[in-house]
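Residue numbers (this note's numbering): 742 to 1332.
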């Protein structure tokens, strides 16, 4: 074999040896991609293949200080030694006894470049030789390639560690969210972009679902069927799944009557990545019940206040009406003022009919709150008296004395009350949609009728208004009766005065005659006795005294008869009458 061939063979063997070393070290370096493998295995192989006293890999700690990542040729005590601070790992003076002494040669390889403040020192691979290594120059390149692989492995290990940390954090967060979801009193449903569905225990209880459902399609029908309106619920859920932006909040009622507040919203990451849609169901049945109770209580309170206000207005109205009725004995004027007082709070228009002593009836007043209809009201008062032949209305109340309530006055009934077309047209023009008519009754006697009418205001009469009208009518009837009694009393007093005037004159005549006769006899007695007086004169004087005394007694008896008549104890006495004598007495007075 020639020397040239021997040289080529030697080069080939060296190349194969380097490739074998590189392959072995590369395989060992690739094992570092597994975070469970130690870097010491690679460094031991590197030291053995290159004949190093020691191989050290340094990197930054979490606090930024140097730390030992891996080593070969160092004792356990040396590995435990803390490293001093340094501005650069290449300039760091290592406190290891194995590296003490002279003649050591160090190869330095930067494994990773600086990556921000935490990695400011970078990572370096240090190879220590006892003297200058007898290695081909290509081995320096082999170690550089190995450093590149080591750098990639370290980056992978770091990323893997961060991934594990992230996964651990995500797992903890997921576990926390699941615990919160299961502990929540709200039902929660999540539908992912691939239509996969998941829900918590509360949601399953609400809709009585099985432990697991494959997807949204399998879940839709059992959920919708348990609502009051299944088709509407299914349509809303389908629309929400297809929409990635819309947020929705609504109320859903289940078939058992429970109510739920349902909030639906898209689930996105902070950078806007869409993951799916979630539904949150909160049972608001109790809240709705409380709200309903509060609403009912509020309505009852408002109704009570309205009723109290109506009662106050009615009491005020009756008090004012009583004051007006007691203010005057002219009941016609008083009734007119009371009829005006009822407007417009209790009627759009009103009228009063009165029955006189001779049982004739007439309309005292027709009052309307609208001045424009005053002429129509006057026409109704003067031209159309109460129709006592009508089946209903004021005339009928005057006849039978019973109250009438018309919540709705139909045109047909109004026509019957009117009795004629012209009267009907006047009532229509005034407006008659609802009415209450009550009798004026006192001491069992019907004194009239009081009518309250609603027209175009839209109000209607009820039992409460009927009671108010009857109370007002009772007070008005007492006022009318008192006024009439007062009038009768005045007439009686006037008749008494006239009678006493006549009676005094009648009594004065016999008394005067009796006095004159008695005085004549006294004068005769004073002049010397009765011997000189003719008997005829004495007889005439005595007869006159007896006659006038009898007449006076008769007048007194008549006065007593008047008192007995008023007391209801009159007694008739039969006695003979001297008609010729009475005749002569009359003639004497005429003369």
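Ideal placement from N, C-alpha and C gives every residue a C-beta, glycine not left out. None of the values given here were measured: they were computed from a predicted structure.
message = On a Cα-Cα basis, can you pick out the residue from 976, 1106, 1055 and 1087 that is closest to residue 1074?
response = It is 1106 whose Cα lies nearest to the Cα of residue 1074.
message = Which residue wins for smallest C-alpha separation from residue 1257, given the options 1019, 1087 and 1287?
response = Taking only the C-alpha atoms, the option nearest residue 1257 is 1287.
ask   = Helix, strand or coil for residue 1124 per DSSP?
value = Three-state DSSP puts residue 1124 in a helix.
task = Look at residue 1117 and residue 1164 and say whether their C-beta atoms are less than 9 Å apart.
result = No; because the gap between Cβ atoms is not below 9 Å, this pair is not in contact.
task = Within its chain, find whatever has a CB closer than 8 Å to the CB of residue 747; leave out the 5 residues flanking it on each side and keep chain order.
result = If we look at residue 747 and ignore the five residues flanking it on each side, it has no Cβ neighbours.
key: Simplified DSSP assignment, three categories, for residue 837   = Secondary structure at residue 837: coil, using DSSP grouped into helix, strand and coil.
Assumed close pair residue 785, residue 813 - CB separation to whole angstroms, cut-off 8 Å = Between residue 813 and residue 785 the Cβ distance is about 5 Å, and since that is below 8 Å, they are a contact.
message = So, with DSSP's three-state summary, where would you put residue 1009?
response = DSSP places residue 1009 in strand when its eight states are reduced to three.
task = With distances taken Cα to Cα, identify the nearest neighbour of residue 791 among 1233, 843 and 847.
result = Nearest option by C-alpha distance: 847.
ask   = So, residue 993 versus residue 974, is the Cβ gap smaller than 9 Å?
value = In this structure, residue 993 sits near residue 974, with a CB-CB distance shorter than 9 Å.
query = Would DSSP call residue 1145 helix, strand or coil?
reply = When DSSP states are grouped into helix, strand and coil, residue 1145 belongs to the strand group.
key: Whole runs of the beta strand (DSSP E) within the segment 1157-1212, excluding any shorter than 3 residues   = Those beta strand (DSSP E) runs which fall completely within the segment 1157-1212 and span 3+ residues are 1175-1183 and 1186-1195.
Rounded straight-line distance, which links the Cα of residue 902 to that of residue 777 = The alpha-carbon atoms of residue 777 and residue 902 are separated by roughly 11 Å.
inquiry  = Does chain D have any CB closer than 9 Å to the CB of residue 909?
reply    = Of the chains in the structure shown, none is chain D; there is only one protein chain.
inquiry  = With a threshold of 8 Å on Cβ separation, who are the neighbours of residue 807 within its own chain once the five nearest residues in sequence on each side are excluded?
reply    = Taken in chain order, the residues that qualify are 799, 800, 801, 824, 825, 826, 827, 830, 833 and 862.
query = Quick one: Cα of residue 811 to Cα of residue 1006, how far?
reply = Residue 811 and residue 1006 have their C-alpha atoms some 52 Å from each other.
message = If you reduce the DSSP assignment to three classes, tell me which class residue 968 lands in.
response = DSSP places residue 968 in strand when its eight states are reduced to three.
inquiry  = With H, G and I counted as helix, E and B as strand and the rest as coil, what does DSSP make of residue 855?
reply    = Reliability fails at residue 855, whose pLDDT of 44 lies under 50, so the model's placement of it is uncertain and the value that follows must be treated cautiously. In the structure shown, residue 855 falls within a coil segment according to DSSP collapsed to helix, strand and coil.
For residue 1285, three-class secondary structure by DSSP = In the structure shown, residue 1285 sits in a helix (DSSP, three-state: H, G or I).
message = I need the straight-line Cα distance from residue 767 to residue 843, nearest angstrom please.
response = One Cα belongs to residue 767, the other to residue 843, and the distance between them is close to 32 Å.
key: residue 1056 burial status per 10 Å Cβ neighbour count (16 or more: buried)   = With fewer than 16 Cβ atoms within 10 Å of its Cβ, residue 1056 is classed as exposed.
query = Does DSSP put residue 875 in a helix, in a strand, or in coil?
reply = In the structure shown, residue 875 falls within a coil segment according to DSSP collapsed to helix, strand and coil.
task = Check whether the Cβ atoms of residue 1137 and residue 1129 lie closer than 9 Å to each other.
result = For residue 1137 and residue 1129, yes; Cβs fall inside 9 Å.
task = State the beta-bridge partners of residue 1320 as determined by DSSP.
result = For residue 1320, which the question treats as bridged, DSSP gives no partner whatsoever.
query = From which residue to which residue does the beta strand (DSSP E) around residue 709 run?
reply = What is shown of the chain runs 742 to 1332, which leaves residue 709 out entirely.
request  = Please say whether residue 1207 and residue 1146 have beta carbons closer to each other than 9 Å?
outcome  = Taking 9 Å as the Cβ cut-off, residue 1146 and residue 1207 qualify as a contacting pair.
ask   = Around the Cβ of residue 841, are there at least 16 other Cβ atoms within 10 angstroms (buried) or fewer (exposed)?
value = Exposed, since its Cβ has fewer than 16 Cβ neighbours within 10 Å.
Residue 1095 vs residue 1226 beta-carbon contact at 9 Å = Taking 9 Å as the cut-off, the beta carbon of residue 1095 is found no closer than this to the beta carbon of residue 1226.
Start and end residues, beta strand (DSSP E) containing residue 1016 = Bounds of the beta strand (DSSP E) holding residue 1016 are 1015-1024.
ask   = On the three-state DSSP scale, how would you describe residue 847?
value = Three-state result, residue 847: strand.
key: Other residues of its chain near residue 1078: CB distance less than 7 Å, five sequence neighbours each side excluded   = In its chain, beyond the 5 residues on either side, 1065 have a beta carbon closer than 7 Å to the beta carbon of residue 1078.
inquiry  = Quick check on DSSP: helix, strand or coil for residue 1276?
reply    = The answer is helix: DSSP assigns residue 1276 an H, G or I state.
message = Measuring straight from C-alpha to C-alpha, what distance separates residue 964 and residue 950?
response = C-alpha separation (whole angstroms): 8 Å.
request  = Identify the continuous alpha helix (DSSP H) that holds residue 781 and give its terminal residues.
outcome  = Segment 780-791, the alpha helix (DSSP H) holding residue 781.
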